[in-house]
DNA sequence: CCTACCGATCGGTAGG
DNA sequence: CCTACCGATCGGTAGG
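Chains as they are written, first to last, in UniProt numbering: chain F, 1 to 225; chain R, 1 to 225.
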């Protein structure tokens, strides 16, 4: 179990980089620019920062095992203060999840741009999904799985969003010249299941992501004869 | 982390607080009639019952989201009383996991018995894994995934056990006449990833399990030419 | 197997 | 964004 470094009244977490304005110092000002009032921008940035921190923790530990205090600590503030930025833990999770799906959809659509061969398109989508699932650096994190510890009402909303996302793959599979005895529905589900759980089986230092995507297509490729 | 011995027949509560049971009584008979003193068998049965209840809950909600009180309640006793039967929540989880892997290995080996064609063998193993993952009625439950909310020290022990289990599939894949440009390691990992997450994507009322197994083999089957 | 409890931790809030 | 706190719940224990 993690020994909590939860701050007592005496020792507080040190804030990373973003400290409140020090004594005599004005509020954060962009380097050469004009001073800004307590703008929406600052708050929005701070909020986005918190979302990314939370996303990373949720992805690492799951919903239940990530506490509000964990998130607050890494963001450099106290648990109660987090509620200045978020409404609740559940709302935070839902927002992260939806933003991640949206970003993922955009990335994949971009990766597909200009490609016409159906297998080539599928491979590009697979590669992009791998990158998304394995990249710990943004909101596009592996949070689509591991919904077991999420409260049911929250989960239902997420699954609906996810279904919409999967339309991309539904279309990709529909374009494939697959043998007639292959169930395209199951085919898509199996493929997505692989990709979504990538952070569970991927091992750094073995095959590169592009090689994995190529292998996946090699396996899943069946030409209608 | 200490791993409990696997066979449950001789397993006993760790704390022999009760007086010695009488002369070896036969197992408890539901409505049989004769009153019985408390024997090992009763305790072992009760313990096994608790393990199955806990397994089901862990599978449903994950480690973290399943409380000792949840388990106790469903077993019909109070939280504190559970510690007469188990040592800790962690030890309980590890024991369940190991027993499930052992049972799964046995079931698959049995399903393979008599089959010689490598593809037929792989398909039989896939089907058996599906049955195991989707059957909510025993210790062979879908608990091999979803390890994210499990404390790291526990998780490490489980992953080691799982690796041993995967040897079965390593052998099955080794026997396949696959094209040379397919990475057998990745091939096995992808296949297991599908099967292990089956309870995440399976939908009752669509394809039957046997049909799914057949489809999986249809997709994963590539003849060396 | 129960009663009665423990210290820790949880998500969240009031008021500044 | 902090201080100070709430009620609920957690895994676990002592003693019967």
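From the three backbone atoms N, C-alpha and C, an ideal C-beta is built for every residue, glycine too.
- The three-state reading of DSSP puts residue 136/F in coil, since its state is none of H, G, I, E or B.
- Put simply, the CB of residue 67/F is far from chain R, with every gap to its CB atoms at 8 Å or more.
- Nearest in C-alpha terms to residue 100/F, of all of 74/F, 161/F, 75/F and 66/F, is 161/F.
- Counting along the chain, residue 182/R sits inside no alpha helix (DSSP H), nor does DSSP assign it H or E at all.
- Residue 205/R counts as exposed, since fewer than 16 other C-beta atoms from the protein chains shown sit within 10 angstroms of its C-beta.
- For residue 48/R, the three-state secondary structure derived from DSSP is helix.
- Assigned with DSSP and collapsed to three states, residue 65/F falls in coil, not helix or strand.
- Between residue 182/F and chain R, the shortest Cβ-Cβ separation is below 8 Å.
- When DSSP states are grouped into helix, strand and coil, residue 174/R belongs to the helix group.
- With a 10 Å radius around the Cβ and a threshold of 16 neighbouring Cβ atoms, residue 98/R comes out buried.
- Against chain F, the CB of residue 119/R has no partner CB under 8 Å away; the residue lies outside that interface.
- Taking 7 Å as the Cβ-Cβ cut-off, the region 187-199 of chain F approaches chain R at 187, 189, 190, 193, 194 and 197, given in chain order.
- Taken atom to atom, the span from the alpha-carbon of residue 139/R to that of residue 55/R is near 6 Å.
- At least one CB of chain F lies nearer than 8 Å to the CB of residue 216/R.
- In this model, residue 175/F and residue 77/R are separated by some 57 Å (Cα to Cα).
- CA-to-CA, the gap between residue 195/F and residue 157/F works out to about 21 Å.
- Here residue 48/F is exposed, its C-beta having fewer than 16 other C-beta atoms within 10 Å.
- Burial state of residue 163/R is exposed, judged by a 10 Å Cβ sphere holding fewer than 16 other Cβ atoms.
- The alpha carbon of residue 207/R has as its nearest neighbour, out of 179/F, 136/F, 58/F and 186/F, the alpha carbon of 186/F.
- Residue contact with chain R for residue 149/F: present (Cβ-Cβ distance below 8 Å to some residue of chain R).
- Apart from the 5 residues on each side of it in sequence, residue 214/R sits with its Cβ closer than 7 Å to the Cβ of 123 in its chain, given in chain order.
- The count of Cβ pairs closer than 8 Å, one atom from the region 74-90 of chain R and one from the region 107-119 of chain R, stays below three, leaving the stretches out of contact.
- For the C-beta of residue 207/F, the chain R residues within less than 7 Å are, from N- to C-terminus, 183 and 186.
- Burial check for residue 223/F: the Cβ neighbour count within 10 Å stays below 16, so the residue is exposed.
- When the alpha-carbon of residue 46/R is set against those of 64/R, 75/R, 57/R and 60/R, the nearest one is in 75/R.
- Residues of chain R with a Cβ closer than 8 Å to the Cβ of residue 64/F are, in chain order, 62, 64, 65 and 149.
- A residue is called buried once 16 or more other Cβ atoms fall within 10 Å of its Cβ, and residue 73/F is buried on that count.
- Between residue 220/F and chain R, the shortest Cβ-Cβ separation is below 8 Å.
- Proximity of chain R to residue 212/F at the Cβ level (cut-off 8 Å) is accounted for by 186, in chain order.
- Looking only at 220/R, 110/R and 119/R, the smallest Cα-Cα distance to residue 128/R is reached by 110/R.
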